[in-house]
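> Residue 542 in our numbering sits at position 542 of the sequence shown, with consecutive numbering throughout. C-beta: ideal position from N, C-alpha, C; glycine also. Bear in mind the structure is a predicted one, so any value in this text is a computation, not a measurement. I'd like to ask some things about the structure below.
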Amino acid sequence: MGALPAQAATPFTVQGKVSFPEGYDPADAVHTYLLLMPPTGNKWIRASVASDGRFSATAPDAGNYTLRFYDSSQTFFDGVVTADGSVSDDGAARVFSSDTTITVTPRLSAVISGRIILPDGYDPERDGSFDIVSYVQRTTSWVGAGVLPWHLLEDDGTFEYRGLEPGTAYRFELRDYSKTFLSGYYGGDSYVENFEDSVSVVAPGSGVVFTPPVASTITGRLTAPAGTDLAQLIADEDVQVSQSPAPDEYPEFRHHRRAEVATDGTFTFRGLWPGSKVYVAAWSGSEALERGMVDAAGALTLDTTRARTVTSGATDVNISMRVPSQFSGTVELPESFRYDPEEPPTVRPVPSKDEVYSLQWSSRKAVPVGPDGSFTTERAHSQTDFRLELTWPDGSVVYWTSNDTKPTADADAASLVRPVTAIVFPTHNRQVNRSVPRVTGEVRFGSTLRAEGGTWSAPSPKLGYQWLRDGKPVAGATSASYPITAADVGSRLSVTVTASAPDFTTVSATSAPTVVVPKVPTTIAVKVLKKGTSRKRVALRVHLGTAGAETAPTGTLRVRYGKKTRTVKVLAKHRGTRTLTLTRTKTTGTVSATFTPTGGSARHLAAATGAAKVVKVAPKVTIKAPKKVAKGKRARITVRVNAHDLTSRPTGKVRITYGKKTRTVALKAKHRGKITVTLPRLSKGTYKVRARYSPSKTWKKYLKVKSSTRVTLRAR
1 MGALPAQAAT
11 PFTVQGKVSF
21 PEGYDPADAV
31 HTYLLLMPPT
41 GNKWIRASVA
51 SDGRFSATAP
61 DAGNYTLRFY
71 DSSQTFFDGV
81 VTADGSVSDD
91 GAARVFSSDT
101 TITVTPRLSA
111 VISGRIILPD
121 GYDPERDGSF
131 DIVSYVQRTT
141 SWVGAGVLPW
151 HLLEDDGTFE
161 YRGLEPGTAY
171 RFELRDYSKT
181 FLSGYYGGDS
191 YVENFEDSVS
201 VVAPGSGVVF
211 TPPVASTITG
221 RLTAPAGTDL
231 AQLIADEDVQ
241 VSQSPAPDEY
251 PEFRHHRRAE
261 VATDGTFTFR
271 GLWPGSKVYV
281 AAWSGSEALE
291 RGMVDAAGAL
301 TLDTTRARTV
311 TSGATDVNIS
321 MRVPSQFSGT
331 VELPESFRYD
341 PEEPPTVRPV
351 PSKDEVYSLQ
361 WSSRKAVPVG
371 PDGSFTTERA
381 HSQTDFRLEL
391 TWPDGSVVYW
401 TSNDTKPTAD
411 ADAASLVRPV
421 TAIVFPTHNR
431 QVNRSVPRVT
441 GEVRFGSTLR
451 AEGGTWSAPS
461 PKLGYQWLRD
471 GKPVAGATSA
481 SYPITAADVG
491 SRLSVTVTAS
501 APDFTTVSAT
511 SAPTVVVPKV
521 PTTIAVKVLK
531 KGTSRKRVAL
541 RVHLGTAGAE
551 TAPTGTLRVR
561 YGKKTRTVKV
571 LAKHRGTRTL
581 TLTRTKTTGT
591 VSATFTPTGG
601 SARHLAAATG
611 AAKVVKVAPK
621 VTIKAPKKVA
631 KGKRARITVR
641 VNAHDLTSRP
651 TGKVRITYGK
661 KTRTVALKAK
671 HRGKITVTLP
681 RLSKGTYKVR
691 ARYSPSKTWK
701 KYLKVKSSTR
711 VTLRAR
């Protein structure tokens with residue numbers, strides 16, 4: 001039997017009439033049309049609506065078609081034609097599969113009106129376009145319902161959003177594509193950033209007011225290592241920058257959050273809300289440069305915990321891009337190991353933590369170790385901490401700890417390292433000093449120095465100490481601290497630290513020497529003695545202080561007063577104290593003393609000077625009086641003036657005060673400093689008696705005016 005002929009397509013026609021509401025001008029029907037839509041594909045059949053409302057659309061093929069009503073003037077509500085001929089946006093559409101005549105009854109749409117108050121100076125013609133986007137809720141989610149372009153707004157910013165379904169709630173977004181002002185949502189009394197905070201308006205409605213503020217920006221600049229043609233990479237659109245809200249464990253640097261990078265590396269993110277916080281990322285599509293999020297130092301990291309949180313308004317986001325990094329080094333192969341090129345050992349860098357999934361870049365591929373033990377990994381991000389994993393042909397796995405310590409099978413005990421060259425997996429432990437010991441403390445006699453042991457390849461080694469004076473061991477100085485003695489003056493001190501640990505060799509390292517221990521400052525205390533000081537000479541006691549460095553300093557002491565100078569020796573027997581006299585060439589002044597150490601003291605002590613004032617002497621004035629006398633009697637008062645070694649025959653005046661009365665008498669040389677005065681007859685009462693001595697012209701330059709203490713005299 002031959003093949004059956006192909007069955008011809010069966011076209012059908014859907015026709016009818018659009019029943020416009022009363023009062024609608026049929027001439028406006030030119031704005032309306034219907035689409036007969038096939039179940040698949042986009043071969044829609046358009047049917048214009050005549051002025052009398054009639055329409056006709058023919059389907060070329062059999063099938064289940066739907067009919068949709070449109071009004072470009074938005075006078076009527078757009079939607080599908082249902083079974084009863086009504087138009088609905090979310091109702092069940094009527095299916096057409098044969099010739100059908102139907103009456104379509106569209107509904108008048110609703111309007112929501114409002115106004116946009118644009119920032120001062122904003123010009124859409126100059127600064128860029130924006131739209132008002134509407135959203136309507138369908139089942140459990142909100143979907144876009146339409147767009148009102150900026151050019152349909154009135155000059156004063158007012159607008160009418162037409163084509164809305166009466167009784168339906170809508171939400172509105174103001175979307176600025178130029179990002180000059182902030183895109184946001186109508187939030188009732190405010191302009192809000194997030195859709196969740198927006199407010200619904202039921203159509204028909206009014207009062208939708210947008211007050212968008214000027215958007216904030218973030219600016220910065222990319223730089224690249226010498227030898228990298230960054231401008232060309234940017235021109236080739238190979239280098240990109242983007243931003244994502246922070247904080248976020250898994251930020252998404254989507255396309256619409258990118259910023260254009262100028263050929264000089266500068267970039268600007270626009271359209272940001274003031275105070276918003278973001279991560280900023282940069283990358284190279286060709287992988288000519290590393291990628292990541294900028295950190296506080298301007299480097300790129302794949303770890304969000306290290307990424308810098310950038311606040312909008314920032315102008316200092318400077319990013320230093322780097323060329324890809326690698327690990328390279330040597331695996332020390334045991335002497336018994338037989339290398340098989342078919343099954344070589346492998347090395348693999350393993351990030352210490354998962355990197356941001358959208359920026360995963362570091363290679364985790366294992367690379368073979370060469371016959372000589374050398375290896376070079378694929379790229380590894382320079383700002384990522386890695387564990388280096390060494391896998392032997394027998395399947396055993398160990399991890400790098402350092403270039404001087406054997407690998408460990410415990411991944412948690414592995415050392416973290418960033419990409420470097422000259423990595424070594426050693427076969428045995430080597431004790432290596434990684435940072436030299438250091439001496440701390442003030443370098444002076446009497447202070448205590450302390451040794452910092454440095455760091456070593458062995459974990460927690462046992463440390464021993466030996467202090468050195470000018471490079472030679474100091475006997476008994478084997479602790480971590482060292483008190484500076486007089487023997488150290490003039491020398492430099494250092495410490496040798498010896499580190500030992502099981503399975504490690506014992507190694508020593510010596511600190512840098514200190515500065516020279518300075519000589520001990522000598523103090524000079526000069527005292528003018530009353531005993532021995534007269535009009536012709538000055539008696540002095542000079543004491544040398546050495547802060548304990550020497551108890552019996554030796555040297556010369558040069559004393560000067562006025563034009564007279566005297567030099568004496570300070571011997572060990574003096575124990576640092578000398579008493580001497582000088583000719584008194586003037587009544588008052590300053591006496592100075594200079595000590596110059598000699599002998600052994602010259603090594604330990606520094607020269608020093610001291611001084612004291614030669615001043616008037618305060619004489620000692622005493623008074624002796626009876627405790628009581630009979631009233632009407634005369635009391636005898638004895639006054640003594642002791643001028644010490646200055647003179648035994650002071651002269652001047654003595655004034656005796658008793659109660660409110662006084663009596664003054666002359667003190668003459670013949671009195672030898674003692675005079676008795678008889679007071680006038682005393683009335684009954686209690687008297688406070690005191691004597692005041694004023695030196696004569698002869699002694700005025702040497703003695704001070706001085707008073708005695710008060711005594712009590714009672715007359716009864």
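Measure the CB-CB distance between residue 321 and residue 380 and report whether it falls below 9 angstroms.
Not closer than 9 angstroms, so no.
> Return helix, strand or coil for residue 152, following the three-state DSSP convention.
helix
> In the DSSP assignment, find the unbroken beta strand (DSSP E) run with residue 449 in it and report its ends.
Element bounds for residue 449: 448-452.
> With DSSP run on the structure shown, which of helix, strand or coil describes residue 326?
coil
> Give me the Cβ distance between residue 555 and residue 597, rounded to the nearest whole Å; I'm assuming they're in contact under 8 angstroms.
4 angstroms
> Tell me, which residues are paired with residue 293 by DSSP?
281 and 301
> Do residue 79 and residue 165 have their C-beta atoms closer together than 9 angstroms?
yes
> So what's residue 27 in DSSP terms, helix, strand or just coil?
helix
> Indicate whether residue 201 and residue 187 have their beta-carbon atoms separated by less than 9 angstroms.
no
> Rounded to whole angstroms, how far is the Cβ of residue 102 from the Cβ of residue 30, which I believe are closer than 8 angstroms?
At roughly 21 angstroms, the Cβ-Cβ gap does not stay under 8 angstroms, so residue 102 and residue 30 are not in contact.
> Would you check if there are 3 or more beta carbon pairs closer than 8 angstroms linking the region 94-112 to the region 69-79?
yes
> Does the region 274-283 come within contact of the region 292-311, defined as at least 3 CB pairs closer than 8 angstroms?
yes
> Could you compute how far the alpha carbon of residue 407 sits from the alpha carbon of residue 465?
30 angstroms
> DSSP state of residue 240, grouped into three classes?
The answer is strand: DSSP assigns residue 240 an E or B state.
> Look up residue 252 in the DSSP assignment and say whether it is helix, strand or coil.
Assignment of residue 252 by DSSP, reduced to helix, strand and coil, places it in the coil class.
> Which residues does DSSP list as the beta-bridge partners of residue 15?
56 and 101
> Can you check which of these residues, 622, 513, 38 and 113, is closest to residue 63 by C-alpha distance?
Measuring C-alpha to C-alpha distances from residue 63 to each of 622, 513, 38 and 113 identifies 38 as the nearest.
> Could you tell me the distance, in whole angstroms, from the CA atom of residue 189 to the CA atom of residue 131?
20 angstroms
> Starting from residue 124, follow the alpha helix (DSSP H) in both directions and report where the run begins and ends.
124-127
> With distance defined between alpha-carbon atoms, name the residue in 258, 219, 173 and 94 nearest to residue 133.
173
> Measure the C-alpha to C-alpha separation of residue 11 and residue 97 and round it to an integer number of angstroms.
Residue 11 and residue 97: Cα-Cα distance of roughly 9 angstroms.
> What distance in whole Å lies between the Cβ atoms of residue 667 and residue 656, which are believed to be in contact at a cut-off of 8 angstroms?
Between residue 656 and residue 667, the beta carbon gap of about 12 angstroms keeps them out of contact (Cβ cut-off 8 angstroms).
> Look up residue 230 in the DSSP assignment and say whether it is helix, strand or coil.
Of the three classes helix, strand and coil, the one that applies to residue 230 here is helix, per DSSP.
> If we ignore side chains and look at the alpha-carbon of each, how far apart do residue 83 and residue 94 end up?
5 angstroms
> Extract the residue ranges of the beta strand (DSSP E) inside the region 563-608, only unbroken runs of 3 or more that lie entirely within it.
564-570, 577-583 and 589-597
> Count the CB pairs spanning the region 283-293 and the region 254-269 that are closer than 8 angstroms, and state whether there are at least three.
no
> Could you check what DSSP says for residue 196 in three-state terms: helix, strand or coil?
helix
> Would the region 426-437 and the region 388-396 be scored as touching if the rule is three or more Cβ pairs under 8 angstroms?
no
> Whole-angstrom Cβ separation of residue 136 and residue 170, contact assumed at under 8 angstroms?
6 angstroms
> Keeping to the same chain, check which residues put their C-beta closer than 6 angstroms to that of residue 193; ignore five residues upstream and five downstream.
184 and 273
> Looking at the ligand GTP, does it come within less than 8 angstroms of residue 634, judged from the CB to the closest heavy atom?
Among the components of this structure there are no ligands whatsoever, and the ligand GTP is therefore not found.
> Note down the Cα distance separating residue 33 from residue 167, rounded to an integer number of angstroms.
24 angstroms
> Exposed or buried, what is residue 435 when buried is set at 16 or more other beta-carbons lying within 10 Å of its beta-carbon?
With fewer than 16 Cβ atoms within 10 Å of its Cβ, residue 435 is classed as exposed.
> In terms of residues, what are the limits of the beta strand (DSSP E) holding residue 466?
462-469
> Below 8 angstroms on the Cβ atoms is my contact criterion, and I expect residue 367 with residue 346 to pass it. Report the Cβ-Cβ distance as a whole number of Å.
Right, the Cβ-Cβ distance comes to about 6 angstroms (below 8 angstroms), so this counts as a contact.
> How far does the beta strand (DSSP E) with residue 160 in it reach, from first residue to last?
158-164
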